[in-house]
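Okay, so here's the structure we're looking at.
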Amino acid sequence: MKDHKVEVRVRYSETDQMGVVYHGNYVPYFEIGRVEWLRNKGISYKSMEESGIALPIVSMTINYKKSARYDELLTVHTVFKSQSSVKIEFDCAIYNESNELLTTAHFILVFVSLKSGKPVSPPDYILELFKAME
Numbered sequence: 061m062k063d064h065k066v067e068v069r070v071r072y073s074e075t076d077q078m079g080v081v082y083h084g085n086y087v088p089y090f091e092i093g094r095v096e097w098l099r100n101k102g103i104s105y106k107s108m109e110e111s112g113i114a115l116p117i118v119s120m121t122i123n124y125k126k127s128a129r130y131d132e133l134l135t136v137h138t139v140f141k142s143q144s145s146v147k148i149e150f151d152c153a154i155y156n157e158s159n160e161l162l163t164t165a166h167f168i169l170v171f172v173s174l175k176s177g178k179p180v181s182p183p184d185y186i187l188e189l190f191k192a193m194e
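Take a look at the structure:
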């Protein structure tokens with residue numbers, strides 16, 4: 061229950077002339093992973109924002125191991141690491157079709173009120189999810 065996998069196909073526009081994914085395009089792949097992790101747990105990121113809560117990244121560490129290439133089907137693996145007060149942490153990895161590890165990442169996000177821009181406690185329905193994962 062702490063993890064989720066989603067597949068993403070590399071588009072031509074995400075690559076350079078050699079067909080290699082540009083390093084900055086891994087961040088959106090990881091975002092897809094986190095949003096789908098939430099959706100898989102019954103939480104809509106859109107609904108959360110509509111209720112006035114955002115979840116911006118405050119820290120990310122990415123380690124590139126091997127290049128992703130045009131038209132490869134990638135698997136983004138997102139794992140819930142921990143939650144404390146207003147923060148949530150994820151470990152993520154991207155694999156190619158041969159199940160080779162391409163990239164790893166660690167993200168720290170903070171629950172923020174869209175109205176005030178200040179950190180807030182997660183909504184109760186998210187706290188319940190965290191309790192269920194203990």
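For the sequence shown, the numbering used here begins at 61 and goes up steadily by one. Yeah, the Cβ is synthetic: ideal placement off N, Cα and C, and Gly gets one too.
Item                                                                                                                                                                                 : Value
In its own chain, which residues sit with a C-beta less than 7 Å from the C-beta of Glu157, not counting the 5 before and 5 after it?                                                : Glu132, Leu133
Report the partner residues of Ile113 according to the DSSP bridge assignment.                                                                                                       : Ser173
Quick one: which unbroken beta strand (DSSP E) runs of 3-plus residues sit fully inside the region 120-189? Chain order, please.                                                     : 133-144, 147-155, 161-170
Buried or exposed: which applies to Pro88, given that a residue is buried once 16 or more other Cβ atoms fall within 10 Å of its Cβ?                                                 : exposed
Touch check for the region 72-82 and the region 112-122: three-plus C-beta pairs under 8 Å?                                                                                          : no
Please state the DSSP three-state secondary structure of Glu67.                                                                                                                      : strand
Between the region 150-168 and the region 98-113, do at least 3 Cβ pairs fall closer than 8 Å?                                                                                       : no
Tell me, please, whether the CB atom of Phe150 is closer than 9 Å to any CB atom in chain D?                                                                                         : No chain D appears in the structure shown, which is made up of a single protein chain.
Please classify Ala192 as buried or exposed, where buried requires at least 16 other C-beta atoms within 10 Å of its C-beta.                                                         : exposed
Can you pull the DSSP bridge partners for Arg80?                                                                                                                                     : At residue 80 the sequence reads Val, which differs from the Arg that was named. BP columns for Val80 point to Arg129.
Might you give, ordered along the chain, the residues of its own chain that have their beta carbon closer than 6 Å to the beta carbon of Glu149, omitting 5 neighbours on each side? : Lys141, Ser142, Ile168
Taking 9 Å as the threshold (C-beta atoms), are Pro179 and Met108 in contact?                                                                                                        : no
Report the option in Ile103, Lys62, Asp63, Val68 whose CA atom is closest to the CA atom of Tyr130.                                                                                  : Val68
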